[in-house]
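The numbering of the sequence shown is my numbering, which starts it at -1 and goes up by one. We put the CB at the ideal spot given by N, CA and C, even for glycine. First comes the structure, then the notes that go with it.
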Amino acid sequence: MVGVMLSNEAIYMLIFATLLVPPFVLSTRISVLMPMSVLLLLGAAHQVYVLKLPGEFWAHVLPGALLARAGFLVLRGRSGLFLLSWWQGLLGILFFVALVISEVYTTGLQRLGHLSHVMIFVASGSIVAGAAVHARLHRTGSASLAPFVLARVLLDSASLFGIGIVLIAHKHDSQPLAVAFHDAQGCMLILLAAAQLGGWAVNELTWREGEAPGAVATAVCMLQTTCWLLNAVWLIHMGAFLYLMPGRHGLHSVVWHDTPDVHETVNTYLAVDVWVCTVCTVCMHMQLHNSGGARSSFQVHAQGSAANYAKLPPNGEHVMREDLETAAEAALHMNGDDARLASAQT
């Protein structure tokens, strides 16, 4: 039964997001990533503030795109800690600062629920800032790198856990289906926080200097990537299915109208998203493996043992940031055995 017709504006928003989000998530070149990042932010702002289209759609899709990007970087590294170049970190921080300012300006924090939104934005911004600072410390070989890694593992996990708790407790939307969606998102974020701690612990126990990750560490990394992607896809799913049109309607209203059994609806969506995210992780892993870039030691994100941090080569994100064409060029940025390994793999 069709309950709501899909508007032209909704179709435009869907096409815009479909064209820009995948390149942003999967890009390995700054020449693609930077314009995609800017276009996404400017396009979302134009649609919300100029065209007056539903802002809740982008409030879910943009964070979802960031989570998906994090999952892509996690798969190319180890222990679940992704790194961001300075401009990515700056854009991310400005994005969350703008959200905090907007929340304070429009609501005055008159209700506790408004403070919940601010907490989500601040915690998310701290994750982005940590990834950018991490990259800077690694690039400069700072003596503060090892203790910072340990601090970041704890802070990232605590931030994800806190956001998850807020999403479960805070009733952003009183519709039963929306409440169930947010509850599920909160549980997923708590699971991701646990995966972050567990992945780091496994990496600490199994990491050997100069060696590629073993089967256990690789499997754990794939599990972490799936958790990141699941949170990302669920957010984007929520935005498209619940908040695409005014009145808090979306694709769910268009296709199935008001499904009476919320429990069945959410669990069916969850089963589909889990399967899709796992397939995506496996496909990305195989593609990286077949292209010779599957978590080799010279592309690791420097998330190995904290005690051996200074000995690790620059991570894949730094190689991407410099827009290097081949592993041989990347080898110019490395020393000793890592450089020889990179040259041998070209």
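query: For residue 234, which residues from the same chain have a beta carbon less than 7 Å from its beta carbon, with the 5 sequence-adjacent residues on both sides left out?; result: 58, 59, 62
query: Let me know the secondary structure DSSP gives residue 247 once reduced to three states.; result: strand
query: Buried or exposed: residue 349, going by 16 or more other Cβ atoms within 10 Å of its Cβ?; result: This structure leaves residue 349 out entirely; the chain is present only between -1 and 344.
query: For residue 167 and residue 178, what's the separation of their Cα atoms in angstroms?; result: 11 Å
query: I'd like the list of long-range same chain contacts for residue 46, defined as Cβ closer than 7 Å, with 5 residues on each side in sequence excluded.; result: 53, 56
query: Tell me the DSSP secondary structure of residue 78 in three-state form.; result: coil
query: By a C-beta neighbour count over all protein chains shown, 10 Å radius and 16 as the cutoff for buried, is residue 298 buried or exposed?; result: Model confidence at residue 298 stands at a pLDDT of 41, short of 50, so the residue's coordinates are unreliable and nothing is read from them.
query: Which same chain residues end up closer than 7 Å to residue 254 when comparing Cβ atoms and leaving out the 5 residues on each side of it in sequence?; result: none
query: Can you tell me whether residue 267 is buried or exposed? The criterion is at least 16 other CB atoms within 10 Å of its CB, across all chains shown.; result: buried
query: I'd like the list of long-range same chain contacts for residue 17, defined as Cβ closer than 8 Å, with 5 residues on each side in sequence excluded.; result: none
query: In angstroms, rounded to a whole number, what distance separates the CA positions of residue 187 and residue 223?; result: 13 Å
query: Buried or exposed: which applies to residue 145, given that a residue is buried once 16 or more other Cβ atoms fall within 10 Å of its Cβ?; result: exposed
query: Taking residue 150 as part of the alpha helix (DSSP H), name the residues at either end of that continuous run.; result: 143 to 167
query: How is residue 85 classed by DSSP in three states: helix, strand or coil?; result: helix
query: Rounded to whole angstroms, what is the Cα-Cα separation between residue 270 and residue 232?; result: 10 Å
query: Quick one: give me the first and last residue of the alpha helix (DSSP H) that residue 235 is part of.; result: 213 to 240
query: Am I right that residue 157 and residue 121 are in contact with their C-beta atoms under 8 Å? What's the rounded C-beta distance?; result: 4 Å
query: Tell me which residue opens and which closes the alpha helix (DSSP H) that residue 267 is part of.; result: 260 to 288
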